[in-house]
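A.B. asks:
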Amino acid sequence: MSDKARIEIHYCTQCRWLLRAAWLAQELLSSFEQEIGEVALQPGTGGVFTVKADGVLVWERKADGGFPDAALLKQRVRDVIAPQKHLGHSDAKPASED
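If you read the sequence shown in the working numbering, its first letter stands for residue 28, the second for the next number, and so on.
Right under this line is the structure:
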């Protein structure tokens, strides 16, 4: 059994969200190449778009109000699988809007 994290991205095929799911999978694999052992793309229906890290729900489109920005998703995944990891520019706080 691997000690590396498993990421699950459940996406809606009716909505054609495969490319979005695959892009986010690529972003996570690039940022967590030592921490992630697997990314599973799980087709679904009904407008579903969720991301789980080691079984912990880190993003749910309906509850979170849309799709995640890659940087925010990386932060949420990091908080579950590698809390000590620094994400470089993805950890930078957005400039406040006046």
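Quick reminder that beta carbons are idealized off the backbone N, C-alpha and C, glycines included.
How should Lys79 be labelled, buried or exposed, when 16 other C-beta atoms within 10 angstroms of its C-beta is the threshold for buried?
C.D. replies: The residue is buried, with at least 16 neighbouring Cβ atoms inside 10 Å.
A.B. asks: Distance, Cα to Cα, Leu114 vs Ser58?
C.D. replies: Computed Cα separation, rounded: 8 Å.
A.B. asks: Compute the beta-carbon to beta-carbon distance between Arg103 and Phe94, rounded to the nearest angstrom, for a pair I have assumed lies under 8 Å.
C.D. replies: Actually they do not touch by this definition, with Cβ atoms about 13 Å apart.
A.B. asks: What would DSSP say about Lys79, mapped onto helix, strand or coil?
C.D. replies: Three-state DSSP puts Lys79 in a strand.
A.B. asks: Kindly identify the DSSP beta-bridge partner or partners of Arg33.
C.D. replies: Bridge partners of Arg33: Glu65.
A.B. asks: Between which two residues does the alpha helix (DSSP H) harbouring Trp50 extend?
C.D. replies: Unbroken alpha helix (DSSP H) run through Trp50: Leu45 to Ser58.
A.B. asks: Got a sec? Which residues, its chain only, sit under 8 Å from His83 by beta carbon, not counting five neighbours each side?
C.D. replies: Correcting the residue type first, residue 83 is Val in the shown sequence and not His. Closer than 8 Å at Cβ, skipping near neighbours: Val107.
A.B. asks: Suppose you measure from the CA of Ala109 to the CA of Glu35; what does that come to, to the nearest Å?
C.D. replies: Distance between the alpha carbons of Ala109 and Glu35: 16 Å.
A.B. asks: Tell me whether Gly93 sits in a helix, a strand or coil according to DSSP, three-state version.
C.D. replies: Reduced to three states, the DSSP call for Gly93 is coil.
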